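2 protein chains.
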Amino acid sequence: MNAEKVPDIIIGRLPVYLRALQRLSERGIQTTSSQELGEIVGISAAQIRKDISQFGEFGKQGTGYAIPFLIERLRDIMNVNKVWDVVIVGMGDMGHALARYNGFSERGFRVSMVFDNDPQKIGQKVGELEIYDIASMTEKLKQNKIRIAMLTVPATSAQEMADQLIKAGVKAILNYAPISLNVPSGVRVQYIDPVTHLQRMTYYLD
Amino acid sequence: MNAEKVPDIIIGRLPVYLRALQRLSERGIQTTSSQELGEIVGISAAQIRKDISQFGEFGKQGTGYAIPFLIERLRDIMNVNKVWDVVIVGMGDMGHALARYNGFSERGFRVSMVFDNDPQKIGQKVGELEIYDIASMTEKLKQNKIRIAMLTVPATSAQEMADQLIKAGVKAILNYAPISLNVPSGVRVQYIDPVTHLQRMTYYLD
DNA sequence: TAGATTGTTAATCGATTAACAATC
DNA sequence: TAGATTGTTAATCGATTAACAATC
Numbered sequence: 324m325n326a327e328k329v330p331d332i333i334i335g336r337l338p339v340y341l342r343a344l345q346r347l348s349e350r351g352i353q354t355t356s357s358q359e360l361g362e363i364v365g366i367s368a369a370q371i372r373k374d375i376s377q378f379g380e381f382g383k384q385g386t387g388y389a390i391p392f393l394i395e396r397l398r399d400i401m402n403v404n405k406v407w408d409v410v411i412v413g414m415g416d417m418g419h420a421l422a423r424y425n426g427f428s429e430r431g432f433r434v435s436m437v438f439d440n441d442p443q444k445i446g447q448k449v450g451e452l453e454i455y456d457i458a459s460m461t462e463k464l465k466q467n468k469i470r471i472a473m474l475t476v477p478a479t480s481a482q483e484m485a486d487q488l489i490k491a492g493v494k495a496i497l498n499y500a501p502i503s504l505n506v507p508s509g510v511r512v513q514y515i516d517p518v519t520h521l522q523r524m525t526y527y528l529d
Numbered sequence: 324m325n326a327e328k329v330p331d332i333i334i335g336r337l338p339v340y341l342r343a344l345q346r347l348s349e350r351g352i353q354t355t356s357s358q359e360l361g362e363i364v365g366i367s368a369a370q371i372r373k374d375i376s377q378f379g380e381f382g383k384q385g386t387g388y389a390i391p392f393l394i395e396r397l398r399d400i401m402n403v404n405k406v407w408d409v410v411i412v413g414m415g416d417m418g419h420a421l422a423r424y425n426g427f428s429e430r431g432f433r434v435s436m437v438f439d440n441d442p443q444k445i446g447q448k449v450g451e452l453e454i455y456d457i458a459s460m461t462e463k464l465k466q467n468k469i470r471i472a473m474l475t476v477p478a479t480s481a482q483e484m485a486d487q488l489i490k491a492g493v494k495a496i497l498n499y500a501p502i503s504l505n506v507p508s509g510v511r512v513q514y515i516d517p518v519t520h521l522q523r524m525t526y527y528l529d
């Protein structure tokens, strides 16, 4: 699709554009401009045009972008024009909250399995899902060709769990444990740690 | 403290350094080098030295950085050498999970109040905390001089709640709602949306 | 047609890396 | 002393912005 390699920093902005476009679409709006979209997401119009133009000519001079069309293109580009099965490892409070979150399905993801190693939890239900034993995880992930996992275990076992996930074929980890993971190239990690996010802001507070 | 304005991208890496240093410290390690720290967090040694040197000369040639000392300096710089009171707005699953998370206190934050507008929830307890009515939020935030909030309400009411928080004096918002917030300059926002994080990775999956 | 807005180029700005003297 | 590693400079690399011809 794209001859040149697109910088990761641009890839990181696409989901934000998509999210904003979907909100506009929900409100019945059919068209937008780089100017308008930029004001919504807090990014310059020039940058938005440049980002989008990496992938094709999706706009029209004079009128801007057709929202449903641009949404489809972005979903294609990001590979979310299908539903990805994801698993959750660690059924503490955070794992439970994610398992019950209903914002995944409408945006391309489905929580298909959840795991824990606590005998008290194994076999319990979280919504529709039964909590499986981590001991059976490698096998189940391979069987179901799972590529994406969310990691919500304590920091002390996060690296070990990540290693297991990777051995089982996982290529993308959303890590909620407050620790930097060591992973081989070819495996992607995104970090969600509320404390680092908060600390990034307190620098600016007196 | 620092004459030159430090780029925000550097500020964003400091919490990651701090987190790694604290893990080393827990393991009883007293000293580290830019090389070693870089391998842990996945950042080049040169960049780590450059980032740290923005704020002073905290290392020693030949031996590296004294971990407890560097931790103290970073905590000073980031303003987390004291405990910040934070509030949570929206007591759904995510709000509950955050309210019960015990990783805040040891890293400079304390959840001091939680709010919801559901009569069923108001007055209930979450751990030690009573859920307060959002109607009383402005008043309570002003009384307690709250500067930081975590926003875990549905996307549809997130902007409205953010506006209220800002009116009440909040200067930093950690936004869990899947929507870009519009805020005046002087107010900081950090975004946590598992779906955008996942979408950022699916681009690279086949 | 007149007005609006794209896609793209060139210029600017900023961030990262490589290299090394200083020094513990 | 010899080896290790910092702090910093200069070079490189990459990202953002400004500007505008093209065109709807």
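From first to last, the protein sequence lines are chains A and B.
For the first sequence, the residue numbers in the numbering used here are 324 to 529.
For the second sequence, the residue numbers in the numbering used here are 324 to 529.
The beta carbon of each residue, even a glycine, is placed where N, CA and C say it ideally should be.
Bear in mind that the values here come from a model prediction, so they are computed numbers and not experimental data.
A direct Cα-to-Cα measurement between LYS328/A and ALA420/A gives close to 36 Å.
In terms of CA proximity to ARG430/A, LEU344/A leads the group GLU359/A, THR519/A, LEU344/A and LEU521/A.
At a cut-off of 8 Å between beta-carbon atoms, GLY426/A makes contact with chain B. In this structure, LEU497/A sits away from ILE469/A, with a CB-CB distance that is not shorter than 8 Å. Just so you know, the alpha carbons of VAL518/A and GLN443/A end up roughly 29 Å apart. For GLN513/A, the enclosing beta strand (DSSP E) starts and ends at 511-514.
Within a 10 Å sphere around the beta-carbon of LYS494/A sit 16 or more other beta-carbons, which makes this residue buried. In the three-state reduction of the DSSP assignment, LYS448/B falls in the strand class, which pools E and B. For ALA420/B, the enclosing alpha helix (DSSP H) covers residues 416-423. ILE366/A is the residue among ILE333/A, ALA500/A, THR354/A and ILE366/A whose C-alpha sits nearest the C-alpha of LEU504/B. For THR525/B, the nearest CB of chain A lies under 8 Å from its own CB, placing it at the interface with that chain. Against THR386/A, chain B offers no close residue; the least beta-carbon distance is about 23 Å (beta-carbon pairs closer than 7 Å). The C-beta separation of LEU474/A from ALA491/A comes to about 13 Å, leaving the pair out of contact by the 8 Å criterion.
When the five nearest sequence neighbours on each side are left out, the beta carbons in the same chain lying within less than 6 Å of the beta carbon of SER348/B are those of ILE390, in order along the chain. In this structure, the CA atom of LYS373/B is about 41 Å from the CA atom of ASP416/B. Residues ASP408 of the same chain have their beta carbon placed closer than 6 Å to that of SER435/B, with the five preceding and five following residues left out of the count. Contact with chain A is absent for ASP408/B, since none of that chain's Cβ atoms lies less than 8 Å from the residue's Cβ. Nearest CB-CB separation between GLN522/B and chain A: below the 8 Å threshold. Under the three-state reduction of DSSP, LYS463/A is assigned to helix. With respect to the 8 Å criterion, MET524/A and ARG511/B are classified as neighbours on the basis of their beta carbons.
The residue from GLU453/A, LEU341/A and LEU337/A with its alpha-carbon nearest to that of ILE411/A is GLU453/A. For ILE352/A, no alpha helix (DSSP H) segment is defined, and its DSSP state is neither H nor E. For ASN467/B, no Cβ of chain A is located within less than 8 Å of the residue's own Cβ.
When secondary structure is reduced to three states using DSSP, ILE502/A falls in the coil class, being assigned neither helix nor strand.
Residue-level contact check: PRO338/B touches chain A, since one or more beta carbons of chain A fall below 8 Å from its beta carbon.
Annotation: the continuous beta strand (DSSP E) that includes ILE471/B extends over 471-474.
Within its own chain, the residues whose Cβ lies closer than 7 Å to the Cβ of ILE333/B, once the five positions on either side in sequence are excluded, are ASP374 and GLN377, listed in chain order.
For the beta strand (DSSP E) assignment, the uninterrupted runs of no fewer than 3 residues enclosed by the segment 337-410 of chain B are, from N- to C-terminal side, 387-389.
At a beta-carbon threshold of 8 Å, the residues of chain B lying near MET417/A are ALA420 and TYR424, ordered along the chain.
Residues of chain B whose Cβ lies closer than 8 Å to the Cβ of GLN513/A are, in chain order, HIS520, LEU521, ARG523 and MET524. Residues of the same chain with a CB within less than 7 Å of the CB of PRO501/B, apart from the 5 flanking positions on each side, are ALA478, ASP516 and VAL518 in chain order. Ranked by Cα distance from MET414/A, the first of GLY450/A, PHE427/A and ILE394/A is GLY450/A. At least one CB atom of chain B sits nearer than 8 Å to the CB of ILE471/A. Going by DSSP, SER508/B is part of no beta strand (DSSP E) at all; its letter is neither H nor E.
For the segment 478-494 of chain A, residues whose beta-carbon sits nearer than 9 Å to a beta-carbon of chain B comprise ALA478 and LYS494. If you ignore the 5 residues before and after PRO338/A, its C-beta comes within less than 8 Å of the C-beta of MET401, all in its own chain and listed in chain order.
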